[in-house]
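Sequence order for the protein chains is L and V.
Residue 8 is where the first sequence starts when you use my numbering, and the numbers rise one by one after that.
Residue -11 is where the second sequence starts when you use my numbering, and the numbers rise one by one after that.
Where is the CB? At the ideal position from N, CA and C, for every residue including glycine.
As the structure is a prediction and not an experimental result, all values here were calculated from the model.
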Amino acid sequence: MSDPLDTFRTEAAEHLAALELALLEMEQQPDEAEPIATAFRAMHTIKGAGGMFGFQALSEFTHHLESAFDQVRNGIIQVSPDLISIMLDAKDLIEAMLLDPEQTPEQAQDADELLQRLRQVVPAVADSGEAAARPAAGQTPKGEESAYRIRIVPAPSAFTDGFDVLPILNELHGLGTCHVATHSGEVPALAELDAEVCRLSWDIVLLTEQAIDAIQDTFIFVADDWQVRVEAIDLAQDNDYSDQLGDILVERGVVTPDQVSAVLTAKPRMGELLHQAGLVSESDINAALLEQKVIRETKQRKAQGMQEDIVRVPASRLDALMDLVGELVIVQARMKQLAQSRDDEDMQAVSEDLDRLTTELRDNTFSVRMLPIGTTFSRFRRLVRDLSRDLGKEIRLETEGAETELDKMVIDRLADPLVHLIRNSIDHGIEPPQQRQADGKPRIGSIRLSAEHAESHVVIRIIDDGAGLDTQRIRAKAQERGLIGGDFRLTDDEIQQLIFEPGFSTAEKVTDVSGRGVGMDVVKRSIHDLGGNVSIHSTLGTGTTIKIVLPLTLAIIEGLMVAVSDERYVLPLTSIEECVELSRDAMSEQNGKRLVTLRGSLVPYLRLRDWFRVPGEGPAIEQIVITRLGDGYFGFSVDEVIGQYQTVIKRLGKLYEGVAGLAGATILGDGGVAMILDAAGLVEALETELRA
Amino acid sequence: MALHIHGEEGHCRLGVDGDLTIFQVAEYRQQLLAECAQAGTVTLDLSETRELDTSGVQLLLALRKQVMAGGGKLKLAGISDAAGKTLAVFNLAAEFPLEAEGD
């Protein structure tokens, strides 16, 4: 069993995320009932669970928020922008409070201030000092006592799920006069008992002045898994069929539940009685009993099915599994080669089967770690809202392709770079509303986040309709910094890529929002570390698009295997454009840089034999692999291009950490090792060397 | 936390010290089944019981059923405040009547 406190925190975080989305939705559509209900449920659950896990201050604080939401839910108060802002701030505070059950003095003060603000908008909210013993009341006039029949049948897994009916019964006692009947009829004797499976159920009659809402709220966090029925008892009627005499007698203490169960079992069944009265034939009964059996089995099967939908797995277990699968893939490749080299048909047949199964296993395992990028996209709504408010801009965030899946690790490492890029768009890209209107643009700026699959990689775009990049200014700044010489002719597009260079910023004002623009080179490096690349395309006055291309998974690489003498290297396929034969007359040199003429333009390239100092001359005709880097091209010349190769990346270890251009290694089918190259790293290393 | 069991001549005396909750029920059930199930009378002492949860109550009910099915009796020799409160919330005082020693 994993630590329940961790589970509580994980689930609370999920509720808070749902709460935030609901709040943002409420801001756009204040009359929609669903987000209000979601927000209320989130508050209620966190309040209750928080109390159970010792987060007293949190529970009390959340109680007031829950009360406020209850009033919204009942139409007593309207949703307003002020209320939303207060609630969003409250959500942030709750997040902080989740870190430790002991409330810090700062948190206590923040809580007080927030409740003060809340009181301005929702007068009925009490002081934060009050204990939160009672749930929020429904709004029927007090003084009218009603009776309710409550039937509670917990899920059999209730004990191991961590839910106990005791706190619920206590809460019901707090609502009024409560008569509880515990049904142990289904509890077997000790010999047959599974002690961890719940077979108890309860029938309760509650006399209360509260409205039915208050009763139902007590069950909110078990309602999904338990059978709970709350019905008003019409005290006026005499012939209410469900007023079981047996139950009332039990409640009045006249008989015990066991005695009632014993008599009921001895009593002839309904079917028998009807048969004896000649009203039904035996086959009618059997058919009906069969139907009953089928219905019960279907219900049970459905209940089980729903429970099996989601499984929580610690990420470290998945990592371990993936490592093993990776190793298996490598060993299987060696087996395949062995089988092919022997002339053994049986062995080859087995090897083929193994190949097929291993591929399927690999694909399945890796897909387990795939998550839709939508989870990351939603985080940005809050960012866009808060930031645009702070800067006095009006911006709408649109998303597309939220269901596009990526490896969990990639998503985690993508979050920071995306945040930075969006902040940039908001800060430097989108203009203030008045200026936009003056320019004939719509007042509300738009930022669009899109994600889509393209072959074996994912393309993510951030598109804004803001001011765009001033290419002339960038060119001037770059020349000023010596990043480009006067005689180099770069296209506008190439100039734009310069903003990813370290220390580059043409911002007039350094705002605290996105700093000096030092982030762009970090963004580029983060994306390169993920095996992808980033580029920017912008039109002055119209807008900017940033495009990020990423491999689908970090652990497996789709590569192109090349050879230099006996050495093997793998270049990641994502960046490869084409392979061309390199003839002597296409080769040239300039400033120590090798260049090849490709369809009229000059493409710089690196000779791998030279770089890795592989001894020997090499063939007369070499092959050159052209890769796309940023928005330019770069080539790598090799002896031979062997072919596409899908492989698991193995880390190289500490000894190789500082070596530029190596992304890892892989073990080949024949037991040899191929180095996996990092194209961007190699190019950077080459440029550093040339400049030295 | 401990379950003390003394069996003598068809009379089983049980004491539950500490918690009787989901964390103990499976283990205690085994012990009870091994040593108490055949007893004619079972005397239960809950005066040192710290926490009693629903699964604990269910275990006690199952024990009671087992004993009664064999024609025996289950008596309660003592009960702590906490355990008493739990039984009260469940309205099970009648199933576990408190009897003075020697009855």
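For the stretch 19 to 105 of chain L, which segments carrying the beta strand (DSSP E) assignment without a break, of at least 3 residues, lie completely within its bounds, in sequence order? none
Could you name the residues of chain V that residue 269 (chain L) contacts, counting a contact when the two beta carbons are closer than 7 Å?
Within the first sequence, the letter at position 262 stands for residue 269 (chain L). In chain order: nothing, as chain V lies at least about 10 Å away.
Taking only three categories from DSSP, how would you classify residue 673 (chain L)? If you number the first sequence from 1, residue 673 (chain L) lands on position 666. Of the three classes helix, strand and coil, the one that applies to residue 673 (chain L) here is strand, per DSSP.
> So, helix, strand or coil for residue 228 (chain L), using DSSP?
Replying inline: Locating residue 228 (chain L) in the first sequence gives position 221, where the first residue counts as 1. Reduced to three states, the DSSP call for residue 228 (chain L) is coil.
Review point. Under 7 Å Cβ-Cβ, which residues of chain V neighbour residue 507 (chain L)?
Key: Residue numbering aside, residue 507 (chain L) sits at position 500 when the first sequence is read from its first letter. What residue 507 (chain L) touches in chain V: nothing, since even the nearest Cβ is about 57 Å away.
Determine whether the Cβ of residue 188 (chain L) lies closer than 8 Å to any Cβ atom of chain V. Numbered from 1 along the first sequence, position 181 holds the residue referred to as residue 188 (chain L). Output row for residue 188 (chain L): interface = yes.
Exercise. Would you identify the three-state DSSP class for residue 114 (chain L), choosing helix, strand or coil?
Key: Counting from one through the first sequence, the residue named residue 114 (chain L) turns up at place 107. Helix at residue 114 (chain L).
*Going along the chain, which residues of its own chain have a beta-carbon closer than 8 Å to the beta-carbon of residue 651 (chain L), five neighbours each way excluded?*
Working through the first sequence from its first residue, we reach residue 651 (chain L) at position 644. Closer than 8 Å at the Cβ level, and outside the excluded window around residue 651 (chain L), lie 565, 566, 567, 568, 580.
Checklist entry - Using a Cβ-Cβ distance under 8 Å, would residue 61 (chain V) count as near chain L? => result Sequence index remark: in the second sequence, residue 61 (chain V) carries index 73 (1-based). Residue-level contact check: residue 61 (chain V) does not touch chain L, since none of the beta carbons of chain L fall below 8 Å from its beta carbon.
### Task
State the DSSP-derived secondary structure class of residue 63 (chain V), mapped to helix, strand or coil.
Your numbering for residue 63 (chain V) matches position 75 in the second sequence. DSSP places residue 63 (chain V) in strand when its eight states are reduced to three.
* Where do the ends of the alpha helix (DSSP H) carrying residue 431 (chain L) lie? -> By 1-based counting over the first sequence, the position of residue 431 (chain L) is 424. 415 to 431 is the span of the alpha helix (DSSP H), which, as asked, contains residue 431 (chain L).
Inset, instruction - Check the Cβ of residue 206 (chain L) against every Cβ in chain V and list those closer than 8 Å, keeping chain order. - result: Residue numbering aside, residue 206 (chain L) sits at position 199 when the first sequence is read from its first letter. Close to residue 206 (chain L), with beta-carbon spacing below 8 Å, are these residues of chain V in chain order: 46.
key: Rounded C-alpha distance that separates residue 452 (chain L) from residue 472 (chain L)   = Residue 452 (chain L) sits at position 445 when you count from the first residue of the first sequence. Residue 472 (chain L) sits at position 465 when you count from the first residue of the first sequence. Each residue's Cα considered, the two are about 6 Å apart.
Selection of the stretch 30 to 54 of chain V by Cβ proximity to chain B, strictly under 7 Å:
Any reference to chain B falls outside this structure, whose protein chains are L and V.
### DSSP three-state assignment for residue 619 (chain L), whether helix, strand or coil
Reading the first sequence from its first residue, position 612 is the one you call residue 619 (chain L). The DSSP-derived three-state label of residue 619 (chain L) is coil.
TODO: Below 7 Å between beta carbons is the criterion; list the residues of the stretch 0 to 31 of chain V that meet it against any residue of chain L, in chain order.
DONE: 10, 13, 14, 17, 20, 21, 25
Note to self: Just to confirm before moving on: does the CB-CB distance between residue 541 (chain L) and residue 530 (chain L) stay below 8 Å?
What the structure shows: On the first sequence, residue 541 (chain L) is found 534 positions in, with the first residue counted as 1. On the first sequence, residue 530 (chain L) is found 523 positions in, with the first residue counted as 1. In contact: residue 541 (chain L) and residue 530 (chain L) (Cβ atoms closer than 8 Å).
Worksheet entry | Neighbour list for residue 191 (chain L) in chain V, Cβ cutoff strictly below 7 Å | Residue mapping note: residue 191 (chain L) aligns to position 184 of the first sequence, counting from 1. The CB of residue 191 (chain L) comes closer than 7 Å to the CB of 49 in chain V, given here in chain order.
Please report the Cβ distance between residue 2 (chain V) and residue 41 (chain V), rounded to the nearest whole angstrom; I am assuming they are in contact, meaning their Cβ atoms lie under 8 Å. Numbered from its first residue, the second sequence carries residue 2 (chain V) at position 14. Numbered from its first residue, the second sequence carries residue 41 (chain V) at position 53. At roughly 18 Å, the Cβ-Cβ gap does not stay under 8 Å, so residue 2 (chain V) and residue 41 (chain V) are not in contact.
Residue range of the beta strand (DSSP E) that residue 355 (chain L) falls in? Indexing the first sequence from 1 puts residue 355 (chain L) at position 348. Element bounds for residue 355 (chain L): not the beta strand (DSSP E) but the alpha helix (DSSP H), 352 to 375.
- Query: Just how far apart, CA to CA, sit residue 50 (chain L) and residue 28 (chain V)?
  - Reply: Working through the first sequence from its first residue, we reach residue 50 (chain L) at position 43. Working through the second sequence from its first residue, we reach residue 28 (chain V) at position 40. Cα-Cα distance, rounded: 52 Å.
Classify residue 178 (chain L) as helix, strand or coil using the three-state DSSP reduction. Residue mapping note: residue 178 (chain L) aligns to position 171 of the first sequence, counting from 1. Note: residue 178 (chain L) maps to helix in three-state DSSP.
query = Touch check for the stretch 688 to 699 of chain L and the stretch 2 to 19 of chain V: three-plus C-beta pairs under 8 Å?
reply = no
query = With burial defined as no fewer than 16 other Cβ atoms inside 10 Å of the residue's Cβ, what is the status of residue 42 (chain L): buried or exposed?
reply = Taking the first sequence and counting its residues from 1, one reaches residue 42 (chain L) at position 35. Its Cβ being crowded by 16 or more others within 10 Å, residue 42 (chain L) is buried.
*Name the chain L residues that come within less than 8 Å of residue -10 (chain V), Cβ to Cβ?*
Taking the second sequence and counting its residues from 1, the one referred to as residue -10 (chain V) is at position 2. What residue -10 (chain V) touches in chain L: nothing, since even the nearest Cβ is about 17 Å away.
Go ahead and label residue 447 (chain L) buried or exposed: buried means 16 or more other beta carbons lie within 10 angstroms of its beta carbon, across all protein chains shown.
Against the first sequence, residue 447 (chain L) aligns to sequence position 440. Residue 447 (chain L) is exposed by the Cβ-count criterion.
message: Using a 10 Å radius around the Cβ and a threshold of 16 neighbouring Cβ atoms, would you call residue 106 (chain L) buried or exposed?
response: Walking along the first sequence from the start, residue 106 (chain L) turns up at place 99. That one is exposed.
Is residue 166 (chain L) close to chain V, meaning its C-beta is less than 8 Å from at least one C-beta of that chain?
Sequence index remark: in the first sequence, residue 166 (chain L) carries index 159 (1-based). Interface residue, yes.
task: Give the straight-line distance between the Cα atoms of residue 545 (chain L) and residue 585 (chain L), rounded to the nearest whole angstrom.
output: In the first sequence, counting from the first residue as 1, residue 545 (chain L) sits at position 538. In the first sequence, counting from the first residue as 1, residue 585 (chain L) sits at position 578. The alpha-carbon atoms of residue 545 (chain L) and residue 585 (chain L) are separated by roughly 27 Å.
Requested in this report: Determine the chain V residues that contact residue 171 (chain L) at a beta-carbon separation under 7 Å, and present them in chain order.
Outcome: By one-based count along the first sequence, residue 171 (chain L) stands at place 164. The contacting residues are 41, 42.
Open item on the list: For a quick check, are the C-beta atoms of residue 533 (chain L) and residue 424 (chain L) less than 8 Å apart?
Closed with: The residue given as residue 533 (chain L) occupies position 526 in the first sequence. The residue given as residue 424 (chain L) occupies position 417 in the first sequence. Yes, these two residues count as a Cβ contact at 8 Å.
Which residues in chain V have a C-beta closer than 9 Å to the C-beta of residue 391 (chain L)? List them in chain order. Locating residue 391 (chain L) in the first sequence gives position 384, where the first residue counts as 1. Neighbours of residue 391 (chain L) on chain V: none; closest Cβ ~45 Å, over 9 Å.
Could you pull out every residue in the same chain whose Cβ sits closer than 6 Å to the Cβ of residue 526 (chain L), ignoring the five residues on either side in sequence?
Your numbering for residue 526 (chain L) matches position 519 in the first sequence. Excluding residues within five positions, the ones whose Cβ falls inside 6 Å are 427.
ask   = What span of residues does the alpha helix (DSSP H) with residue 531 (chain L) cover, start to end?
value = Sequence index remark: in the first sequence, residue 531 (chain L) carries index 524 (1-based). Start and end: 526 to 536.
What distance in whole Å lies between the Cβ atoms of residue 416 (chain L) and residue 373 (chain L), which are believed to be in contact at a cut-off of 8 Å? Here residue 373 (chain L) is taken as the residue at index 366 of the first sequence, counted from 1. Here residue 416 (chain L) is taken as the residue at index 409 of the first sequence, counted from 1. That pair is no contact at about 11 Å.
key: C-beta neighbour in chain V for residue 56 (chain L), strict 8 Å   = Locating residue 56 (chain L) in the first sequence gives position 49, counting from the first residue. It does not: the Cβ of residue 56 (chain L) has no partner Cβ on chain V nearer than 8 Å.
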